[in-house]
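Quick note on this note's numbering: the sequence shown kicks off at 19 and runs consecutively. We treat Cβ as the ideally placed atom computed from N, Cα and C, and that holds for glycine. All of these numbers come straight from a predicted model, not from anything done at the bench. Each remark here refers to the structure printed beneath this line.
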Amino acid sequence: MKSKTTHLTCACGTLRLELRGAPIISAECHCKSCSDAAGRLETLPVPAAIRTIHGGTRYVLYRKDRVSLLAGTENLREFRLGPNASTRRVLASCCNTPVFLEFKGGHWLSLYGNLWKQDELPPLQLRTMTQTAPDRAGVPDDVPSGALATTGFYGRLLTAWIAMGFKAPDIAIKGAIDA
């Protein structure tokens, strides 16, 4: 059986990515960090809203060893909420397209859902950190949700890390963006 390959680009097409295989999970995060970052990044001329209508940020998580940056990497810039932030968001500076969120030492990338055409975005599987949603009562219960990240979420991340031989490849980004 052939592994599925997905090709994505930034809004202007300069940055090109290739994803191999199935994602770890497709999620919507409502944590304060994602909300604060989205609010600040949305002050830039981004090609599309970062937050969903429920205030969360949509991500599709992939193992790092299944993501290839094919072209346009010279345009990648990191954004951090502060100098000591353990997470960084990475944008394509050519068009300010949010590309991924990366946890320091993480073995996966949380790719922004807006990289996919709406009809090709993997179906939402869960919502995390919903206790900080601006309108908690307005967050639908159509998929599993939790005030914190769920056990199933962490289980999928652990399974992916084991499959990678407990490696966490580095992704070098030259330059930063301020928002």
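Backbone secondary structure at residue i - three-state DSSP
| i | result |
| --- | --- |
| T75 | strand |
| T177 | helix |
For residue i, the first and last residue of its enclosing beta strand (DSSP E)
| i | result |
| --- | --- |
| L87 | V85 to A89 |
| S44 | I43 to C47 |
| L26 | T23 to T27 |
| V108 | T105 to A110 |
| F97 | L94 to F97 |
Span of the alpha helix (DSSP H) around residue i
| i | result |
| --- | --- |
| L59 | K50 to L59 |
Bridge-paired residues (DSSP) for residue i
| i | result |
| --- | --- |
| T32 | Answer is none; T32 lacks a bridge partner. |
| R69 | T75 |
| A194 | E96 |
| L62 | Paired residue(s): none; L62 is not in a bridge. |
Legend entry - Every unbroken beta strand (DSSP E) inside the region 112-171 [3 residues or more]: Whole beta strand (DSSP E) segments, 3+ residues: 115-121, 126-130 and 144-146.
Legend entry - contact_flag[the region 91-108, the region 38-46] where n(CB pairs < 8 Å) is 3 or more: no
Legend entry - Contact between the region 146-155 and the region 21-30 (3+ Cβ pairs under 8 Å): No, the region 146-155 is not in contact with the region 21-30.
Inset, instruction - State whether the region 84-95 contacts the region 55-71, with contact taken as three or more CB pairs (one from each stretch) at a distance under 8 Å. - result: no
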